[in-house]
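What follows is a single structure, written as structure tokens, with notes after it.
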Amino acid sequence: MRAALRAEYRKLISTPLWWVLLIVSAAYLVLIGAALAFSISADDAASRPGIPSLDGVDAASSVYSLINGVGYVFPLVIGSLAMTSEFRYRTITQSVLVEPDRTTLLVAKMVASIPLGLVYGLVGVAAVVAGGAPVLAWRGDGAYLSNGAILQVLLLGVVVTALWTVLGVAFGSVVSNQVAAIVIILAVTQLVEPVARLGLGAVDGLDEVGQFLPGAAADAVMGAGFFNQLGDGELLPRWAGLVVFSGYAVALALIGRITTLRRDIG
2 MRAALRAEYR KLISTPLWWV LLIVSAAYLV LIGAALAFSI SADDAASRPG
52 IPSLDGVDAA SSVYSLINGV GYVFPLVIGS LAMTSEFRYR TITQSVLVEP
102 DRTTLLVAKM VASIPLGLVY GLVGVAAVVA GGAPVLAWRG DGAYLSNGAI
152 LQVLLLGVVV TALWTVLGVA FGSVVSNQVA AIVIILAVTQ LVEPVARLGL
202 GAVDGLDEVG QFLPGAAADA VMGAGFFNQL GDGELLPRWA GLVVFSGYAV
252 ALALIGRITT LRRDIG
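Everything in the sequence shown is counted per the numbering used here, starting at 2 for the first residue and increasing by one.
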């Protein structure tokens with residue numbers, strides 16, 4: 002397993018794509034963090050439809066939780082590339098020859114993605130703070146960067162980002178076509194799930210269903226989320242969010258193992 006872990010980690014960092022996506026994600030989160038902080042701290046925010054009336058710690062946690070709310074697309078993509086690149090460039094044959102146990106190969110890819118996911122988490126948290134904190138300090142009640150609850154959100158934001166990378170690998174084992182995987186990730190993270198969370202959160206009796214979506218489960222692990230405040234929904238307990246999120250990763254990995262990785266590779 003140790004040799005497989007080293008090999009898979011080297012594959013992840015052997016091309017410039019990982020740091021190109023890292024730079025793009027940082028720039029994106031700086032912009033989104035500043036925009037949201039400005040929107041919710043503006044004088045007329047409460048009078049505008051779709052803009053929640055937040056202040057204090059609630060405003061700060063909403064802005065900083067964007068590391069998961071919108072930023073999770075990047076670790077998902079980089080995680081999926083760890084698997085889909087093998088099929089796109091036909092290197093999966095060599096990988097299986099080096100590590101014939103395909104379960105070990107998949108687990109090694111998932112575990113090897115964690116360090117890179119932590120890097121994405123650290124940079125993403127720094128970016129959303131860099132974009133949002135100055136605006137909150139200027140227009141709102143403060144950045145609250147010394148608040149214990151906010152520090153917990155930021156720390157767990159790093160952890161959640163690493164978990165998304167693992168989920169990305171598992172997803173890539175199911176959808177091995179790289180273009181299809183990226184398109185699905187973009188569609189789900191930027192449209193389908195945000196709309197579903199807002200819609201379910203606004204309907205009595207269905208808000209509990211939205212708690213079990215992967216993004217909502219990740220928010221539960223962090224203990225904060227912009228979408229649940231916007232839709233007036235509740236989050237699962239932290240332990241339950243971790244169980245639900247882990248369930249998605251395990252389920253996808255099992256499906257990938259008994260479908261994609263069970264086929265003959267030549």
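Beta carbons: idealized from backbone N, C-alpha and C, even for Gly.
Shown here for Ala35: same chain residues with a beta carbon closer than 7 Å to its own, the five before and five after excluded, namely Gly132, Gly133 and Val136 in chain order. The shortest C-alpha to C-alpha distance from Ser174 to any of Gly80, Ile24, Pro17 and Ser42 is the one to Gly80. Boundaries of the alpha helix (DSSP H) around Asn69: Leu67 to Gly70. In chain order, Ala128, Val129, Ala131 and Gly132 place their CB closer than 8 Å to the CB of Val31, counting only its own chain and leaving out the 5 sequence neighbours on each side. When secondary structure is reduced to three states using DSSP, Glu209 falls in the helix class. Taking 9 Å as the cut-off, the Cβ atoms of Leu146 and Val126 do not count as close.
Inter-residue distance for Leu6 and Gly70 is about 30 Å (C-alpha atoms, whole angstroms). Proximity to Ala150 across Val25, Leu253, Tyr65 and Ile41 peaks at Tyr65, based on C-alpha coordinates.
The residues Phe213 and Ala218, in chain order, have a CB closer than 6 Å to that of Val245 in the same chain once the five nearest residues on each side in sequence are set aside.
Judged by their CB atoms, Thr162 and Pro101 are not nearer to each other than the 9 Å cut-off. Within the region 4-47, the runs of alpha helix (DSSP H) that reach at least 4 residues and sit entirely inside it are, in chain order, 18-42.
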